Each structure stands twice: as C-alpha cells, then as structure tokens.
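Order-wise, the sequence lines are chains A and B.
Take the first sequence: its letter number 68 is residue 150 in my numbering, and every next letter is one higher.
Take the second sequence: its letter number 10 is residue 92 in my numbering, and every next letter is one higher.
Backbone N, C-alpha and C fix where the C-beta goes; we use that ideal spot for every residue, glycine too.
A quick note: this is a predicted structure, and the numbers were derived from the prediction, not measured.
Below you'll find the structure, written out as structure tokens, and then a few comments.
There are 2 protein chains.
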Amino acid sequence: MDAKIVMMRSFPDKRGTLSVGELGKEMPFPVKRIYYIYGVPSKDIRRGYHSHKALRQLCLCTSGSCTMMLDDGKERCDFVLDSPDKALYIGPGIWREMYDFSEDAVLMVLASEEYSEDDYIRDYDEFIESKRD
Amino acid sequence: MDAKIVMMRSFPDKRGTLSVGELGKEMPFPVKRIYYIYGVPSKDIRRGYHSHKALRQLCLCTSGSCTMMLDDGKERCDFVLDSPDKALYIGPGIWREMYDFSEDAVLMVLASEEYSEDDYIRDYDEFIESKRD
C-alpha cells in the first residue's frame, strides 16, 4: 500500500515543543492546499468515504487523536494518529475513512494539489472497479 | 505593515467543521515547510525574536490561542489567534514575538521556503539596521 507513517522532527525544550516537516524530507511534495477537521461531536462519526486519482496527502492530528482506515483494493489498514509528530502519507488511489475522533482532535491534511472534484472517487464500487483497470 | 488576518473557508455540519486554505486564495504561496509549536508550559513564555529576509508565512492556532506581536521597524501590532479558521499572513522583513499561549495552543506555521539560517535576523538592533538600508 502506498501509505506510511512519517515522523516529524521534534525539538522539545523548556519553552515547549517545535515539530518540523520540510520538503524533500518529511514532506514529499509542495503543499497547495490544507484542510483541517475539528469539532467532531462524537466518536461514532465516520468521515471520508472517498479516494483520489492523483492527489497525495500528508495527515496529522495536531491535537487529540483519530484513526484512518486505508484501503487500496487489496488490503485494509488502520493507522492511529495520536501524537502531533506522527504523520501519515497517503499516495493516490487509496480509499479512506476516518473515525474514532477524540473530542479535541484536529486532523490537519496537507495536499499536493488544488481542489478538483474530478480527482475524487466517492463511490466504493467505482473505486474497486478503478483498481481492475 | 505587510501582514494581515486571513479567514479560512469553513464548512461546519453535523459531522464537525472542515476549514480550507488553498493556493491563490487563502494561501499566497506553495508551502515548502511546516512547523508547529505546542506544549508551551506557561503564559509567561515568549518565543520568536527574529525576522526573515525573504520567507513568507501563514500562521494559525489549530487549537487554543496565542498572540503574535509583529514589528516592521515603524509600527508594532498584536494579532490574537484564537480561532482555528483565523490565520495571519506575515510578509518578509517583520520581527515577531509570540506570547500568551494557552495550555492547549498549537501554533501551526506554513512557510514559503525551506529552512535557511541565512534568511534569519536574530538580533533586534541588526533588524532595525536592516530597515535603514
């Protein structure tokens, strides 16, 4: 599966912690869009339900925690994002669902491209079909 | 002063809130580095104390709050970042100090360039001198 946990570089000192992600190191692409999800009212909420044809993303919980379920049509993996320095890289062609948001969770997503509805697959059967091409 | 508050686009619904910043809209540059500050142990901590020669940044508190004091050599302004959808654009040549961090504050900074120590001015007198050129 074209997905992996990426640890950000962290520099804790008596003033707090500074974590860094840099192009060519932790960040595999220049970021053209960010979006972030917060105020998820219940652990029962499940979001996502789509894949991208070309978009690459780097996801992290800057506070709190959530779980990302990734599915590449062959296998399904759960990734728990429960520390600010723990990011998840997601390549193209992966179905994702996010769940188990803590009350204080902020899920930040750094995206390689600007928004394009044409890049989304929002139907799971269509996603599976795209994997057979 | 080459700095301003930028409101991210926000989409609240019963599943929580999604906020977006996109290149050419809220985000004036492709992001080549992110860094974020958290776990600041006390409201008395003051950080920053530098300016950049060329770097541009977009700063936001994804949770909690802090205040950024900006100084362009002519005027000083305080910007309170107290909502996840409220970002602060900072152009080049501005001295900054961050303070009044809440316990849960996460200050996320999106930067236009990769790290370069040559781009920093870390001495206030030198900063003021640079403004006379």
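Span separating the alpha-carbon of residue i from that of residue j
{"i": "A:E104", "j": "B:D84", "result": "25 Å"}
{"i": "B:L189", "j": "A:D200", "result": "33 Å"}
{"i": "B:R138", "j": "A:A169", "result": "24 Å"}
{"i": "A:Y181", "j": "A:I127", "result": "6 Å"}
{"i": "B:A136", "j": "B:E195", "result": "9 Å"}
{"i": "B:S133", "j": "B:G146", "result": "24 Å"}
{"i": "A:P123", "j": "B:R204", "result": "43 Å"}
{"i": "A:P166", "j": "A:L142", "result": "7 Å"}
{"i": "A:I176", "j": "A:R158", "result": "10 Å"}
{"i": "A:P110", "j": "B:L140", "result": "20 Å"}
{"i": "B:C129", "j": "A:S212", "result": "According to the sequence shown, residue 129 of chain B is Arg rather than Cys. One C-alpha to the other measures close to 50 Å."}
{"i": "A:P112", "j": "A:K96", "result": "31 Å"}
{"i": "A:P174", "j": "A:F161", "result": "17 Å"}
{"i": "B:Y206", "j": "B:M150", "result": "16 Å"}
{"i": "B:K125", "j": "A:G98", "result": "11 Å"}
{"i": "B:V102", "j": "B:T144", "result": "12 Å"}
{"i": "A:I210", "j": "A:Y202", "result": "13 Å"}
Buried or exposed by the 16-neighbour rule on C-beta atoms within 10 Å, applied to residue i
{"i": "A:G106", "result": "exposed"}
{"i": "B:R214", "result": "exposed"}
{"i": "B:E208", "result": "exposed"}
{"i": "B:S198", "result": "exposed"}
{"i": "B:F93", "result": "exposed"}
{"i": "B:K86", "result": "exposed"}
{"i": "B:K114", "result": "buried"}
{"i": "A:D154", "result": "buried"}
{"i": "A:I119", "result": "buried"}
{"i": "A:I172", "result": "buried"}
Neighbour list for residue i in chain A, Cβ cutoff strictly below 8 Å
{"i": "B:T99", "result": "I119, Y120 and G121"}
{"i": "B:T144", "result": "Y118, Y120, T144, S145, V188 and M190"}
{"i": "B:E196", "result": "E104, L105 and G106"}
Partners in chain A for residue i, counting only beta-carbon separations shorter than 9 Å
{"i": "B:R129", "result": "R97, G98 and L100"}
For residue i, the nearest candidate out of the options (CA to CA)
{"i": "B:A261", "options": "A:K86, A:I176 and A:I116", "result": "Since the first residue shown for chain B is 83 and the last is 215, residue 261 of chain B is missing from the structure and cannot be characterised."}
{"i": "A:M89", "options": "A:G98, A:T99 and A:E108", "result": "A:E108"}
{"i": "B:L100", "options": "A:K125, A:S101, A:Y206 and A:A187", "result": "A:A187"}
{"i": "B:E185", "options": "B:I172, B:C148 and B:E179", "result": "B:C148"}
{"i": "B:E179", "options": "B:Y171, B:I172 and B:L152", "result": "B:L152"}
Contacts that residue i makes with chain B (C-beta to C-beta distance below 8 Å)
{"i": "A:Y202", "result": "Within chain B, no residue comes near A:Y202; the closest Cβ sits about 14 Å away, beyond 8 Å."}
Partners in chain B for residue i, counting only beta-carbon separations shorter than 9 Å
{"i": "A:K114", "result": "E104, L105, G106, M109, P112 and V113"}
beta-carbon residue i near the ligand COA non-hydrogen atom, thresh 7 Å
{"i": "B:D201", "result": "Ligands in the displayed structure: none, and consequently the ligand COA is not present."}
* **Interface residues of the segment 149 to 174 of chain A facing chain B [CB-CB below 7 Å]** => P166
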